[in-house]
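These notes concern the structure reproduced below.
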Amino acid sequence: MEKLKAFYRKYQSKVTISMNKQPLIMTLLWLFLLNMVILIVAAIVAVIVAPEVYGNVIDAFASGSLKWMISPNSILDMEGNSKLLLLAGTVVVIEIVLFTGTILALTTNSLKDYFMKTGNAKGKLMLRDHMVILNWNSKVPEIIIDLMHKGESVTVLILSSKDRNFVKEQIKSNQMDIIKKHKVSLVVRQGDPFMRSELEDISIAEASSIMIMAEEKILSSTEEILSNDDLNAIKLLLLVGGFDLLKNCNIVVEVEEHNTVETLANLAETVKTLKGKTISSFSFNRKLGHILAQTVFQPRLAAVYMDLFSFKGEEFYPTANCEIEEYLANYTESVPIINMKNLFVLAESANKVKLKRKSPYYTDRRLKLNGTNKKEETTLLIVGENKKSKYMIENLSRKPESYFSMQKINKIDDISVIAELQEKSGKKIVMILSDDRVAAECYDKNVFCTLISLNKCQFSKEKVSLVTEILDPANLRSIQDFNVNNAVVSNQLISLIITQILCNVNSKEFHDALLLIDNDESEGLDIEINNIEEILDINQDLTFSSRAEFINSFFYSLEKKYMPIGYIKENKIEYLSKDLDKAEIFEFKEGDQLILIKY
């Protein structure tokens, strides 16, 4: 008896394991066996009740019960044997309920699973030349918006561990002012980006570009060689590198720390699976630190960056390799900026980059420079700290001006700090930083607290310039309610740069040069905003017959050290890259500001 029980338990265990491994196959197998038992029992009963019709069980099974199941209409031919007719009818009813009902249930369930998988982007997705975003952070919605503004038809697939409905709602809430939503086909999928099967299911080998986003974690460690977030980015890059990607696939990796960028560059040269692949990596904290350092002294630069990176109007385009002077003389709808393997130019659209003049343009006009320009003494107070602040201070310390002094505090505990600042001579600036080491729902909380503290201590905006950095674009309007006009929305700016690099792999070196503060001895370029009287000697209004005359005369008068790309009049920003040869009265007066590229 014990052996029988042991055999039963062993058999039951095997059946349980098989049911868990292959539930559909095992269910169909059990239904088949049950069906055979029913037909055999029916055949035995048929021999008993109608021995004159069926000579044996095999005959009763083949021409009786099996026939009734396959062709239920055959029972209509039975006459004179009510017991056999009742048996056949019972078999038909049982088979319809058991067999046909099961098939219908399985079919319905399969269709339900199919629709559920399709609706939730599950299963294998047959895509090609699509854009893949791996992981989720608060910059992803801004990237989607930037792609919509770009206006090109593209399929974007987001794979992250975040709830699919949460991701879709976050993106939808940022799209209120977007009209051309149909240009971007968005597929959101919840899953683990570190599982190879998940990457295979999204056809990552057929993607035209791949963006590995840094996950936003609270209080990430920055004391280790690599933060956990950056280590995960490296792991994910190695996993992606194991696929046979398209030849022109552009991989962009966002990391926290700058030393991770150097690590990734080394891996791209030494790891076999990464060799030959186009990989761009950058530290978003470092880039934002560069931007914040620039906007401390020239707050309108944030608006200029937003304009130039937003795909809404003028933007930078790489074009054929030629000298700046040659391009300036021969092209009429764009302004040359710098030569970096390709010549980068500022234009309204890509199709205007190649519009040439019939004959080269030159002017002998030269402008008189202001030789007595003196820099104003500047005092900077930084309130708050975040992951970007060390990079901002690193860039500020590279400024060569001896007049510059800086003080840093975490929060305003003593109003005497503000009182002392307001009494200092020269230019005074307060820079408020948002804390990016807290939960997303607490973003910008410290900025509002600091603004409230400033209001309590009779802070004068006439005496001190105020610049704020915020993370959440939704808080911009509330910040402006405090009469703060110079606000830098970090996530918006970095998402624009990410999108630019994602769409044009050749632009990374250009953006690195553009966003780095250079001293006088280093090579590179900066964007500057200066009052025209700080550069030129203006005794009266300066008048030009065209934009081309102004650009050429300014460029050569300043010995090719500056290229004008725009101007600010009556607080309105205008760019020069349009109708350069159009005959019009083009004039400047004292107080007007120039937007310049400084070499």
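Start counting at 1 in the sequence shown, then tack on 919, and there's your number in the numbering used here.
Glycine included, C-beta positions come from ideal geometry on N, C-alpha and C.
Keep in mind it's a predicted model, so treat the numbers as computed, not measured.
| Query | Result |
| --- | --- |
| Collapsed DSSP secondary structure at Ala-1266 in the structure displayed | strand |
| Run of the beta strand (DSSP E) containing Pro-1450, from where it starts to where it stops | It is Asn, not Pro, that sits at residue 1450 in the sequence shown. Run containing Asn-1450: 1445-1450, per the beta strand (DSSP E) assignment. |
| Contact between the region 1470-1479 and the region 1272-1284 (3+ Cβ pairs under 8 Å) | yes |
| Segment contact flag, the region 1085-1094 with the region 1112-1124, C-beta cutoff 8 Å, min 3 pairs | no |
| DSSP three-state assignment for Glu-1143, whether helix, strand or coil | Confidence at Glu-1143 is low in this model, with a pLDDT of 48, below 50, so its placement is unreliable and the value that follows should be read with caution. Coil. |
| Spatial distance of Ile-1144 from Phe-1228 (CA atoms) | Because Ile-1144 sits at a pLDDT of 46, beneath the cut-off of 50, its placement in the model cannot be relied upon, and the point is left open. |
| Rounded straight-line distance, which links the Cα of Leu-1118 to that of Ile-1516 | 43 Å |
| Cβ pair count under 8 Å reaching 3, the region 1247-1267 against the region 1413-1431 | yes |
| Ala-949, buried or exposed, once every other Cβ within 10 Å from all chains shown has been counted against 16 | Reading off the sequence shown, one finds Trp at residue 949, where the question assumed Ala. The residue in question, Trp-949, is exposed, as its Cβ has fewer than 16 Cβ neighbours within 10 Å. |
| Counted within 10 angstroms of its Cβ, other Cβ atoms place Ala-1269 as buried (16 or more) or exposed | exposed |
| Selected residue, minimal CA-CA separation from Asn-1404, among Leu-1299, Met-1350, Glu-1181 | Met-1350 |
| Same chain, Cβ closer than 6 Å to Thr-1214, five either side skipped, listed in chain order | Leu-1220, Ala-1221, Val-1407 |
| Inter-stretch contact (C-beta, 8 Å, three-pair minimum) for the region 1492-1503 and the region 1299-1313 | no |
| C-alpha distance - Ile-1334 paired with Val-1106, whole-angstrom precision | 51 Å |
| Ser-1441 classed as buried or exposed, judged by whether at least 16 other C-beta atoms fall within 10 angstroms | Model confidence at Ser-1441 stands at a pLDDT of 49, short of 50, so the residue's coordinates are unreliable and nothing is read from them. |
| Asn-1167 versus Lys-1196 - alpha carbon distance | 8 Å |
| Start-end ranges of the beta strand (DSSP E) lying completely within the region 1228-1264, minimum 3 residues | 1234-1238, 1253-1259 |
| Rounded C-alpha distance that separates Asn-1028 from Pro-942 | 13 Å |
| Residue span of the alpha helix (DSSP H) that contains Val-1336, given as start and end | 1335-1342 |
| Proximity to Asp-1456 [Cα-Cα], best of Ile-1448, Ser-1476, Val-966 | Ser-1476 |
| Assigned exposure category for Ser-1414 - 16 Cβ within 10 Å defines buried | buried |
| Nearest-angstrom Cα separation, counted from Glu-1244 out to Ser-1092 | 46 Å |
| Same chain, Cβ closer than 6 Å to Tyr-1518, five either side skipped, listed in chain order | Leu-1444, Lys-1480 |
| Distance CB(Ser-1072)-CB(Lys-1102) smaller than 8 Å | yes |
| Opening and closing residue of the alpha helix (DSSP H) in which Ala-962 lies | 942-968 |
| Rounded separation between Leu-923 and Ile-963 - CA only | 29 Å |
| Cα-Cα separation between Gln-1411 and Arg-1205, rounded to whole angstroms | 15 Å |
| Length-filtered (3 minimum) beta strand (DSSP E) runs lying within the region 983-1067 | 1050-1053 |
| When Glu-1360, Val-972, Thr-1021 are compared against Asn-954, the one with the closest alpha-carbon | Thr-1021 |
| Ser-990 versus Leu-1006, Asn-1000, Val-1011, Leu-1004, residue with shortest Cα-Cα distance | Val-1011 |
| Option nearest Asn-1000 by Cα separation, candidates Asn-992, Phe-1201, Ile-967, Leu-1315 | Ile-967 |
| CA-to-CA distance, Val-1171 to Ser-1409, given in whole angstroms | 19 Å |
| Gly-1510 versus Lys-1497, Gly-1232, Ile-1454, residue with shortest Cα-Cα distance | Ile-1454 |
| Nonlocal neighbours in the same chain, by C-beta distance under 8 Å from Ile-1062, ignoring five residues either side | Ile-1052, Met-1130, Ser-1414, Ile-1417, Thr-1418, Leu-1421 |
| Beta-bridge pairing of Pro-1483 - partner residues as DSSP gives them | Leu-1515 |
| Same chain, Cβ closer than 8 Å to Asn-1240, neighbours up to 5 away in sequence not counted | Asn-1258, Lys-1260, Asn-1261, Leu-1262 |
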